[in-house]
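Take a look at the structure set out below.
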Amino acid sequence: MNEPRWPAADLDPVRRLRIMAGSIPGAAYAEGVFARSVDEVWAVAGDLETELPMLLADVRTMRIAHAEGEHLEAIAVGRLGQRARFDIVLRPGWCWMQSRFLHGGMAAAPEDEGTRVAFVGALRIPGMRLVDPLLRKLPLGNGVLRRLETRLQARAPG
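In UniProt numbering, the protein residues as written are 1 to 158.
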């Protein structure tokens, strides 16, 4: 018997993150293109312990507590002392993080002579669907991309 042939669509990490952001109520999403290679961008974006606190204004420290392949567990401490345990999937060009109250992710994919980068962050609390239309209009993720660009420039040789 013939098996049905289902269409297949391969999505790069940025497109995948864009779809996930669209399905999460109240998600702050930002996307941009940097004139850097994916490897250069991901050397910063994927360095969670050193660089993530530089990218996220409300994170003081991020410590990897356990790692098993691409699956990590980390403890984040906020600027006000709040703590959160995150389950993370981290691979080249892709990072997805979840805590009890937060979703977060970053993605990078080659584009022309540079790299398309995306960021998403959202609260995981009841009632987010009610404020979703308002939050989607705010450029909340753009600051993360600006700080990423600053960190890339700081790491540039010369």
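Even glycine gets a Cβ: it sits at the ideal position worked out from N, Cα and C.
Per-residue burial, residue i [other beta carbons within 10 Å of its own, 16 or more giving buried]
i	result
Arg146	exposed
Phe101	exposed
Pro92	exposed
Thr150	exposed
Residues near residue i in its chain [Cβ-Cβ closer than 6 Å; skip 5 each side]
i	result
Ala84	Ala76 and Ser99
Gly104	Met97 and Gly121
Ala28	Gly121, Leu140 and Gly141
Residue range of the unbroken beta strand (DSSP E) whose run includes residue i
i	result
Ile88	Arg83 to Arg91
Arg16	No beta strand (DSSP E) contains Arg16, which is instead part of the alpha helix (DSSP H) from Pro13 to Ser23.
Glu31	Ala28 to Phe34
Nearest to residue i (by Cα), restricted to the options the options
i	options	result
Ala154	Thr61, Glu40, Leu80 and Gly81	Glu40
Asp112	Met20, Arg16, Arg36 and Gly143	Arg36
Gly46	Ala118, Glu3, Arg15 and Ala8	Ala118
Gly141	Arg129, Phe86 and Gly26	Gly26
Gly127	Pro7, Ala9, Leu17 and Ile24	Ile24
Ala30	Leu152, Leu48 and Val144	Val144
Val14	Leu56, Cys95 and Phe86	Cys95
Terminal residues of the alpha helix (DSSP H) in which residue i lies
i	result
Glu149	Asn142 to Arg155
Contact set for residue i: own chain, Cβ-Cβ below 8 Å, skip 5 residues either direction
i	result
His66	Leu72 and Glu73
Test: residue i CB closer than 7 Å to a CB of chain B
i	result
Gly127	Of the chains in the structure shown, none is chain B; there is only one protein chain.
- Query: Which runs of the alpha helix (DSSP H) fall wholly inside the region 42-118 and span at least 4 residues, in chain order?
  - Reply: If you keep only unbroken alpha helix (DSSP H) runs of at least 4 residues inside the region 42-118, you get 52-55.
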